Amino acid sequence: WIFYITPAMYLLYMVFAGVLFAHDSDGYNIFGPAGWVIALILQYASPLASLFFISLPPLVMFELMIVFVLVFLVIVPLCNPAGNLWNLIGEASNSSLNQIQDNASEVPAYVSAAFEAGLSNSPTEEDIRRVLTCYMTAPIILLCVLVVCVVVVSVIVDISNRKSFINKKIIE
Numbered sequence: 017w018i019f020y021i022t023p024a025m026y027l028l029y030m031v032f033a034g035v036l037f038a039h040d041s042d043g044y045n046i047f048g049p050a051g052w053v054i055a056l057i058l059q060y061a062s063p064l065a066s067l068f069f070i071s072l073p074p075l076v077m078f079e080l081m082i083v084f085v086l087v088f089l090v091i092v093p094l095c096n097p098a099g100n101l102w103n104l105i106g107e108a109s110n111s112s113l114n115q116i117q118d119n120a121s122e123v124p125a126y127v128s129a130a131f132e133a134g135l136s137n138s139p140t141e142e143d144i145r146r147v148l149t150c151y152m153t154a155p156i157i158l159l160c161v162l163v164v165c166v167v168v169v170s171v172i173v174d175i176s177n178r179k180s181f182i183n184k185k186i187i188e
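Numbering-wise, the sequence shown is residues 17 to 188 according to our numbering.
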C-alpha cells in the first residue's frame, strides 16, 4: 500500500505547488525578469529531490516525472494568469541586451586603450544574445537533466534490487 500512498502524495503536492506557482507572480519577480525558472527550482521543485532516495518502481517514478514536466514546464508557464512565462526569457535577454547597448557609450579608458592597441573589438550583438540566451536557459536544461537522472537512478536501483533478491534466493 506504500506504493499507492507515496506517489499519490507527490501528485497532490505537484498539483498544490502548481496552483501556487501559477498565482505567485510576485514571488518569482524577486529573481529577475526570467526568474520563474529559479523560483521553480528553489521553491517548488526542491521537495522532489527526495525522490533520489526513495525506492519507487521505475514506472511510478516515470509517471511522477512526466507529471512534473507537464505541470511545471508546460501547463503552468503557458496558462499562467500573468501571461506566457516562456516569453519572459526572450524579453529578459532582449532587455539585458538593450541595457548593455545603452551603457556601451560608457566604455572605460583602459578598454578604449586596449582596442586601440589592436585587441579584438567588443563582441557583436549576436554573440551577446547567444550568451544571454544560454544564461537564461541553463536552469531549464539542468532541471530537465535532473528529471532524467531521477528516472535513470530509479531504474538502476530497481535492477540492483532485483539482482540482490535473486542472489538471496539462490543462496538460501
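Even glycine gets a Cβ: it sits at the ideal position worked out from N, Cα and C.
Only a predicted model underlies this, so the values are computations on that prediction, with no experimental measurement involved.
Residue i classed as buried or exposed, judged by whether at least 16 other C-beta atoms fall within 10 angstroms
{"i": "Phe69", "result": "exposed"}
{"i": "Val90", "result": "exposed"}
{"i": "Ser170", "result": "buried"}
{"i": "Phe32", "result": "exposed"}
{"i": "Val164", "result": "exposed"}
{"i": "Phe181", "result": "exposed"}
Residue closest to residue i, alpha-carbon to alpha-carbon, out of the options
{"i": "Glu79", "options": "Val166, Phe181, Cys150, Val173", "result": "Val166"}
{"i": "Tyr26", "options": "Ile57, Met81, Leu75", "result": "Met81"}
{"i": "Leu58", "options": "Leu158, Ile172, Val83", "result": "Leu158"}
{"i": "Arg178", "options": "Leu72, Leu67, Glu142", "result": "Leu72"}
{"i": "Val85", "options": "Cys160, Met77, Val76, Arg146", "result": "Cys160"}
Cut-off 6 Å between Cβ atoms - residues of its own chain near residue i, not counting five sequence neighbours on either side
{"i": "Gly34", "result": "Val87, Val92"}
Whether residue i touches residue j by CB criterion (8 Å)
{"i": "Pro63", "j": "Tyr29", "result": "yes"}
{"i": "Asn2", "j": "Ala38", "result": "Here the chain has residues from 17 to 188 only, and residue 2 is not among them."}
{"i": "Pro74", "j": "Asp174", "result": "yes"}
Cβ-based neighbour list, residue i, same chain, cut-off 7 Å, excluding 5 preceding and 5 following
{"i": "Tyr60", "result": "Ala33, Phe37, Phe88"}
{"i": "Val83", "result": "Leu27, Met30"}
{"i": "Asn183", "result": "none"}
Length of the line joining the Cα atoms of residue i and residue j
{"i": "Leu94", "j": "Val53", "result": "13 Å"}
{"i": "Ile187", "j": "Ser66", "result": "33 Å"}
{"i": "Ile156", "j": "Ile18", "result": "31 Å"}
{"i": "Ile144", "j": "Cys150", "result": "10 Å"}
{"i": "Ile172", "j": "Val76", "result": "14 Å"}
{"i": "Thr176", "j": "Asp40", "result": "Before going on, a small fix: residue 176 reads as Ser here, not Thr. Taking the straight line joining both Cα atoms gives about 41 Å."}
{"i": "Val168", "j": "Leu162", "result": "10 Å"}
{"i": "Leu113", "j": "Arg146", "result": "Interpretation of Leu113 is limited by its pLDDT of 49, a score under 50 that renders its predicted location unreliable; the figure taken from the coordinates is listed afterwards. Rounded to the nearest angstrom, the two C-alpha atoms are 10 Å apart."}
{"i": "Lys185", "j": "Ala154", "result": "46 Å"}
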